[in-house]
Amino acid sequence: MLNQVVRAIEPHLSLDEVIDEWNQISKSLSEPSRRRLPQIAQCFIEEP
């Protein structure tokens, strides 16, 4: 059971695999983009 836990925490990936799949890895780890106005834009928008 310990081996399964270790493999889950530290999966074996070769450097070649990481380099080949880097775009997918980074996309999977990234947060979704936020849809908000910059603070400077908020200063010039009048709210009702």
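Letter 7 of the sequence shown, counting from 1, is numbered 7 in my numbering, and no numbers are missing.
All C-beta atoms in this analysis are idealised placements derived from N, C-alpha and C, irrespective of residue type, glycine included.
Note that this is a predicted model, so its numbers are computed, not measured.
*Using three-state DSSP, classify L29 as helix, strand or coil.*
The residue you call residue 29 lines up with position 29 of the sequence shown. L29: helix per DSSP, three-state reduction.
*Can you give the Cα-Cα distance for N23 and M1, rounded to whole angstroms?*
Along the sequence shown, read from residue 1 onward, the residue named residue 23 stands at position 23. Along the sequence shown, read from residue 1 onward, the residue named residue 1 stands at position 1. N23 and M1 have their C-alpha atoms some 32 Å from each other.
*asked:* I need the straight-line Cα distance from F44 to E31, nearest angstrom please.
replied: For this step, residue 44 is matched to residue 44 along the sequence shown. For this step, residue 31 is matched to residue 31 along the sequence shown. Using only the alpha carbons, I get a separation of about 28 Å.
*Tell me whether the beta-carbon of V18 lies closer than 9 Å to the beta-carbon of I25.*
As a first step, residue 18 must be located in the sequence shown, where it is residue number 18. As a first step, residue 25 must be located in the sequence shown, where it is residue number 25. Cβ distance < 9 Å, so V18 and I25 count as in contact.
*Mind checking which residues open and close the alpha helix (DSSP H) that includes E21?*
Position 21 of the sequence shown, counted from the start, is the residue given in the question as residue 21. Where E21 is concerned, there is no enclosing alpha helix (DSSP H), given that its DSSP letter is neither H nor E.
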